[in-house]
Amino acid sequence: MAVKYGKFEMPEKIKMDEASHTSTFARFIVEPFERGFGHTVGSALRRIMLASLEAPAILSVRIEGVSHEYMAVEGVIEDMTHVIINLKGALLRRHTTGDDAHPRDIKMISKTLDITDEVLEKAGGSYRVTLRDLFGHTDFEVINPDHLVFTVTKPMIKRVDLRIAAGRGYVPSERHASFESGVDEIVIDSAFSPVRLVNYYVENTRVGQDTDFDRLILEVTTDGRITPVEALTFAAQIGIMHFQVFDSIKAHSVHFDKGEMQTNRDRDEILGKLALKINEIELSVRSTNCLANANIDTIGELVVMPEPEMLRFRNFGKKSLTEIKQKLDELELSLGMDLSKYGIDRDNIKEVIQNYLAEKAGATEV
């Protein structure tokens, strides 16, 4: 049995504040939501980003000749307690690979440090061992390679073993149950969460004459192991996955009223953009010729094309795709747009544009 529900105002796209955007910070603006949904969505995304995203961290360390975490090491300024604290600050990002390895597989990184008199002399008498010294060509990218681990003042040769895996949240050393520690291996607390701070704000925004809709502003700060865009992407997918389990109940299916053909932009405005000729948006000659060869004459015919299908056109590469996406973004359009709320799809786009241009010409004659 189907139940008909009224129209819900929904955002059409997510805007990012480019002026404040960095590799570790981004401000996202999403509007309009129905009243109350700004807090509902913002709070859920915030909690997921802070508690449920995964990243690699060091689980344990073994340094040759060091039997426990409370001892001093000859020739090293810091005691083992400070060394462990420094290792907790390692920011690691796992390289994307095509293998079938489980994301929670534990990796062992081993490095033999050979600090000679010559090395110490060049360093002014004390050599700073950083994360760069411990990680060479491994499966992990070190975000902060100059991060200090310990300082050496005497020549030494020591092997350092690090056990690394991905996880969630903050896990104390006593809760690492996924492996058995070896002789002289020191298990440490692990800070897996790559998101440092998430703030969200809800403001009023206007839809037509009504001003009581929600504008959601999300401010995401990461530690560099993932970008803010990745954090939001992962959190959204995690949230959707958890809501899907409730869809199995489905005592009734709900059909939502799509409302009038107008949303934030009226039909005439969107059709005016869709009716533009390709040569009116100042694309490069290469991109224009590629679209002409594919019999795409108007913006409307372009935006209904999915991105993967565009790449199958002859002589059409990623550079042309990037250029087209930038031009469409300036028009607040995108590839693969769902235009069903305007009564437009791939089958009727040409007819709709022709009818629109005919109506416009008739109105001009009058």
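Residue numbers (the numbering used here): 1146 to 1511.
Virtual Cβ for every residue (Gly too), placed ideally from N, Cα, C.
For Leu1428, which three-state DSSP category applies?
coil
Gly1384 - containing alpha helix (DSSP H), residue span
Pro1373 to Gln1389
If you follow the beta strand (DSSP E) that Thr1226 is in, where does it begin and where does it stop?
No beta strand (DSSP E) holds Thr1226; the alpha helix (DSSP H) holding it covers Met1225 to Lys1233.
When DSSP labels each residue in this structure, what does Thr1257 get in the three-state scheme?
strand
How is Asp1413 classed by DSSP in three states: helix, strand or coil?
helix
Going by C-alpha to C-alpha distance, which of Leu1436, Asn1231, Ala1311 and Gly1281 sits closest to Val1206?
Asn1231
Pull up the distance between the alpha-carbon of Glu1154 and that of Thr1283, whole angstroms please.
48 Å
DSSP three-state assignment for Arg1273, whether helix, strand or coil:
strand
Distance between Tyr1501 and Glu1510 (C-alpha atoms, nearest Å)
Low per-residue confidence applies at Glu1510: pLDDT is 43, beneath 50, and the placement is therefore not dependable enough to give any value.
For the alpha helix (DSSP H) holding Pro1453, just list the boundary residues, first then last.
Glu1452 to Met1455
Mapping the DSSP letters down to three states, classify Ser1398 as helix, strand or coil.
strand
Looking at the structure shown, is Tyr1345 part of a helix, part of a strand, or coil, going by DSSP?
strand
I'd like the list of long-range same chain contacts for Lys1418, defined as Cβ closer than 7 Å, with 5 residues on each side in sequence excluded.
Ile1444, Leu1476 and Leu1478
So the alpha helix (DSSP H) Gly1187 belongs to, where does it begin and stop?
Phe1182 to Ala1196
Assuming Val1340 and Thr1367 are in contact, meaning their beta carbons sit under 8 Å apart, how far apart are those beta carbons, in whole angstroms?
5 Å
Can you tell me whether Thr1356 is helix, strand or coil according to DSSP?
strand
Within this structure, are the beta carbons of Met1194 and Ala1311 separated by less than 8 Å?
no
Since Asp1306 is in the beta strand (DSSP E), which residue starts that stretch and which ends it?
Met1301 to Arg1313
Go ahead and label Tyr1272 buried or exposed: buried means 16 or more other beta carbons lie within 10 angstroms of its beta carbon, across all protein chains shown.
buried
For a test of the three-state rule: what should DSSP assign to Gln1407, helix, strand or coil?
The predicted position of Gln1407 is uncertain, since its pLDDT is 46 and thus under 50; no value can be drawn from it.
Could you tell me the distance, in whole angstroms, from the CA atom of Arg1304 to the CA atom of Arg1313?
29 Å
Can you find the residues in the same chain that come closer than 7 Å, C-beta to C-beta, to Ile1415, ignoring five residues on each side of it along the sequence?
Tyr1487
Are the Cβ atoms of Gly1183 and Arg1360 separated by less than 8 Å?
yes
Report yes or no: do three or more beta-carbon pairs, one from the region 1321–1329 and one from the region 1214–1222, lie closer than 8 Å?
no
Taking the alpha carbon of Gly1187 as the reference point, which residue from Ala1381, Glu1454 and Leu1258 has its own alpha carbon closest?
Ala1381
Since Val1448 is in the alpha helix (DSSP H), which residue starts that stretch and which ends it?
Ile1444 to Val1448
Can you name, in chain order, every residue of its own chain whose Cβ lies under 6 Å from the Cβ of Ile1494, other than the five neighbours on each side?
Gly1445, Glu1446 and Val1449
Looking only at its own chain, which residues have a Cβ that is under 7 Å from the Cβ of Tyr1346, when we skip the five neighbours before and after it?
Ile1362
State yes or no: is the C-beta of Phe1280 within less than 8 Å of the C-beta of Val1287?
yes
Residues bridged to Leu1237 [DSSP beta-bridge criterion]:
Val1287
Please classify Leu1342: is it buried, with 16 or more other beta-carbons within 10 angstroms of its beta-carbon, or exposed?
exposed
How far does the beta strand (DSSP E) with Lys1158 in it reach, from first residue to last?
First-last for Lys1158: undefined, no H or E at that position.
Spatially closest choice to Ile1229 from Met1455, Ser1165, Val1211 and Ile1394, by CA coordinates:
Val1211
DSSP three-state assignment for Val1497, whether helix, strand or coil:
helix
Alpha helix (DSSP H) containing Val1264: first to last residue?
Asp1262 to Lys1267
Beta bridge counterpart(s) of Leu1480 as assigned by DSSP:
None, per the DSSP bridge assignment.
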